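If you use the UniProt record's numbering, the sequence shown corresponds to residues 1 to 256, in order. Every residue gets a Cβ at the ideal spot worked out from N, C-alpha and C, and that includes glycine. Keep in mind the model is a prediction, meaning the values are calculated, not measured. See below for the structure under consideration.
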Amino acid sequence: MLRLWPETIVAGLFPGACWLQHGRHRVDFPADGRSWTGADDLLRALDAMLGDFAKSAGKHARLRILVSDSVAALAALPWQEQLSSTAELNAYALACFEHQGQPLDEGWIMQATFRRFRGAGLAYALPRPWMEQLLEIAALRSVRLDGILPMSAAAYWRRRRADPRVPTVLLLLEMQRITALIYDRGQLLTNDVQPVTGDAKSSMARLLRRVSASHDVIGRAEWWSARSADMEFVPAVFEQCLPNVNVLALDEKEWC
């Protein structure tokens, strides 16, 4: 059959969990996840997966990437009524990064935006040298980069609107970190991050206890994990830290 439009490949690049999705066809990177944890490791995994996979999708396929928050810098942006231009928004985002002790220079590529009026915004940045290597890999494998989002930015942009009646926490679980996005009145309120030290179960409990202490009423919890295996403990931790809260597990279809 003649292909009239370029095929789309979706890639997930996470420590210990890299995959490519083309339609219903999915390929998981077969390496030992524990040995593939750095940003450069993720690029090598992408190159290896594209080596064969891009051929089946045809030349000049479009590549969309979800990447671990560990590669990016992220900052929540409290609403500012006075911002009137892109330059002012970018300057405000840079100030927010600096305020949280993470100043950015020319070595980063930054995006900043507000999804909804009077709601909190989100800024994210990816290392420029890393992005340049990624574009080189895409060109070598004859695919065109159609977009790349850190996981928190994908959840911010692509998650269906939160129920305004129910304060909600969304957990994004990765091998090395767990991120909480807290929503209130249907809008992103803030985010929090817990490094995974020791076992993921204890790290998740520490993060949820902080969320519970900082936000009086959480009525709904959602969670997504980069790794599908060994996540059986998640519902029990929610029940321990946020009892009687409705819990919903999400999959990649929410973001792709």
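Neighbourhood of residue 252 by C-beta distance below 6 Å, restricted to the same chain and skipping five residues each side: Result list for residue 252: empty, nothing under 6 Å.
Residue 121 vs residue 139 beta-carbon contact at 9 Å: Not in contact: residue 121 and residue 139 (Cβ atoms no closer than 9 Å).
Start-end ranges of the beta strand (DSSP E) lying completely within the segment 178-224, minimum 3 residues: 187-195
Cβ-based burial, residue 2 [other Cβ within 10 Å; buried from 16]: Confidence at residue 2 is low in this model, with a pLDDT of 45, below 50, so the placement of that residue is unreliable and no value is reported for it.
Beta carbon of residue 126 nearer than 9 Å to that of residue 71: Yes, the pair counts as a contact, with Cβ atoms nearer than the cut-off.
Euclidean distance between Cα positions of residue 141 and residue 151: 24 Å
Stretch pair the segment 84-98 + the segment 36-46: three plus CB contacts closer than 8 Å: Counting Cβ pairs under 8 Å, fewer than three are found: no touch.
Sequence-distant residues of the same chain with beta carbon closer than 8 Å to residue 231, five excluded per side: 173, 225
Euclidean distance between Cα positions of residue 48 and residue 18: 11 Å
Buried/exposed call for residue 20, threshold 16 Cβ in 10 Å: buried
Secondary structure of residue 147, DSSP reduced to three states: strand
Local Cβ density within 10 Å of residue 29, reported as buried at 16 or more and exposed below that: With 16 or more other Cβ atoms from the protein chains shown falling within 10 Å of its own Cβ, residue 29 counts as buried.
Beta-ladder partner(s) of residue 40, from DSSP: DSSP output for residue 40 lists no bridge partner at all.
Cβ pair residue 182, residue 168 closer than 9 Å: yes
Cβ neighbours of residue 185 in the same chain (closer than 7 Å, five flanking residues each side left out): 164
Straight-line Cα distance separating residue 69 from residue 257: Residue numbering for the chain in the displayed model covers 1 to 256; residue 257 lies beyond these limits and cannot be assessed.
Pairwise C-alpha distance: residue 233 and residue 46: 29 Å
Range covered by the alpha helix (DSSP H) that runs through residue 15: Segment: none, residue 15 is in no alpha helix (DSSP H) and carries neither H nor E.
CA-to-CA distance, residue 26 to residue 201, given in whole angstroms: Going by the C-alpha atoms only, they are around 28 Å apart.
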